[in-house]
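Using our numbering, the first residue of the sequence shown is number 1, and each one after it goes up by one. Have a look at the structure below before the remarks.
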Amino acid sequence: MATVVTMLLPAAAYAGDPAAAREQLKAGYTLAQDGRCAEAIPRFQESLKLDAKAITLINLAQCEERTQKLADALGHWVDARARAQSEGNAAIEEEAEKRAKALEPRLPRLTIALTVVMTGESPKDLEIVRDGVVLGSVSVGVALPVNPGPHTIVVRAPGYEETTKKIDLAEGENKRIDVGVGKKKPEVKTVAQATTTPEKAAPKGTNPLVYVGFGTAVAGVAVGAVTGIMAFGKASTAKDNCPNLTCPNNAELDAVDSGRTLGTISTIGFAVAGVGAAVGIYGLLAGGSSKSSATVGLTVGPTGCGIRGSF
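Dropping the structure here:
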């Protein structure tokens with residue numbers, strides 16, 4: 001028989017509530033007698049936590065054998081033997097020794113072999129998990145006792161896909177299973193996303209057309225008013241010097257023509273003022289624009305006046 005070395009915790013570490021431990025032991029024993037070992041096992045385990053005794057260990061081991069948890073049962077038979085020896089209970093020690101020897105050949109064994117990747121080296125931080133238990137590197141390639149039935153082996157490593165294999169073992173069967181890491185995961189390149197800050201809209205100022213338009217309007221009013229006054233003066237003089245619209249000489253006739261010209265210029269000035277005012281109002285309604293440019297000017301000549309500009 002293979003030698004199994006176990007370490008029992010000191011009795012003080014188990015001590016907690018002996019009375020409650022006895023109640024759990026009695027409840028588990030009753031369930032086991034009724035053939036309900038699956039329900040009895042948690043009772044025995046709880047009793048061990050409260051107060052570990054050899055009698056509890058052998059009851060637990062018996063139920064585990066009946067439910068095909070042979071590897072667990074072997075461990076508890078060995079623990080029961082050591083516990084009974086410390087308690088001075090020769091009968092339980094002898095029974096546990098006998099049952100452990102009988103169970104040993106029934107135990108299936110599973111060898112997990114790791115297939116290395118093409119580089120011949122195993123990836124760092126590789127884990128082999130058998131039935132939810134992570135196995136150390138020294139357990140790889142060793143025939144370890146397991147319970148009969150299905151087993152799941154998972155291999156995982158950072159940067160590699162996880163692989164899973166399943167295997168079934170019967171009582172006394174020895175099997176080997178080769179496992180390895182999956183395919184290498186593609187590197188994920190992190191692309192820094194360029195953040196674009198929307199341009200701030202330039203603050204809108206007063207549209208230049210406002211200044212140009214109203215400026216032209218003021219100039220037009222000024223020209224119209226001045227030339228109007230001058231035309232009025234010329235007309236008054238012509239009325240006095242040319243009664244009945246008859247002028248005595250060419251000088252007076254030229255004064256009449258000059259008055260008519262000034263009157264025309266005055267009219268045009270006021271018209272230009274109206275256009276300028278319209279341009280200024282349009283500038284107010286259109287709002288400011290940093291790209292707008294406009295020029296408007298008033299021209300006054302010997303034969304008339306006008307407005308010129310670009311928008």
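Just so it is clear, CB atoms sit at the ideal spot from N, CA and C, and this is done for glycine as well. Keep in mind that this is a model prediction, so the values were computed, not measured.
Only buried fits A219, as 16 or more other CB atoms lie within 10 angstroms of its CB.
In the assembly as shown, I92 is a buried residue. Its beta-carbon has 16 or more other beta-carbons within 10 Å. DSSP, reduced to helix, strand and coil, places N174 within a strand of the structure shown. Approximately 33 Å separates the beta-carbon atoms of P105 and D51; this is outside 8 Å, ruling out the contact.
Residue burial is scored here from C-beta neighbours: G269 has at least 16 other C-beta atoms within 10 angstroms and is therefore classed as buried.
Counted as a single uninterrupted DSSP element, the beta strand (DSSP E) harbouring V134 occupies residues V133 to L135.
When DSSP reads this structure, P150 sits in a beta bridge with D168.
Separation of the CB atoms of I153 and I128 is rounded to 7 Å, and the pair is thereby assigned contact status at 8 Å. Where T30 is concerned, the enclosing alpha helix (DSSP H) starts and stops at P18 to Q33.
By the beta-carbon neighbour count (other beta carbons within 10 angstroms, threshold 16), L31 is buried. Taking all protein chains shown into account, D178 has fewer than 16 neighbouring C-beta atoms within 10 Å of its C-beta and is therefore exposed.
By the Cβ-count criterion, L285 is exposed, with fewer than 16 other Cβ atoms from all chains shown falling within 10 Å of its own Cβ. Nearest neighbour of D131 by Cα position, chosen from A80, V155, I229 and A217, turns out to be V155. Shown here for L25: same chain residues with a beta carbon closer than 8 Å to its own, the five before and five after excluded, namely R43, F44, S47, K53, I55, T56 and N59 in chain order.
If only complete runs of 4 or more residues are kept, the segment 86 to 129 shows the alpha helix (DSSP H) at 90 to 103, in order along the chain. With fewer than 16 other Cβ atoms inside 10 Å of its own Cβ, T115 counts as exposed. Taking the Cα of Y160 as reference, the smallest distance to any Cα among K184, Y29, A73 and H76 is reached at K184. Within the model, the alpha-carbon separation for T216 versus T237 is close to 31 Å. Per the coordinates, the alpha-carbon of T67 lies some 20 Å from the alpha-carbon of V133. Under the criterion of beta carbons closer than 8 Å, P145 and L107 qualify as touching, at roughly 5 Å. Between the beta-carbon of I281 and that of T227 there is about 25 Å, and that puts the pair past the 8 Å contact cut. Under the DSSP assignment, A143 falls outside any alpha helix (DSSP H), being part of the beta strand (DSSP E) whose first and last residues are A143 to P145.
Counting along the chain, Q45 sits inside the alpha helix (DSSP H) bounded by residues C37 to L50. Counted as a single uninterrupted DSSP element, the alpha helix (DSSP H) harbouring A61 occupies residues A54 to R66.
Between the C-alpha atoms of N207 and F214 there is a straight-line separation of about 12 Å. Note: V155 is bridge-paired with I128 and T163 in the DSSP secondary-structure output.
The three-state secondary structure of G269, taken from DSSP, is helix. Excluding the 5 residues flanking it on each side, T111 has same chain C-beta neighbours closer than 6 Å at A143 and R176, in chain order. In this structure, N147 places its C-beta atom within 9 Å of the C-beta atom of L70. The distance from the Cβ of G180 to that of T163 is about 7 Å, consistent with a contact at the 8 Å cut-off.
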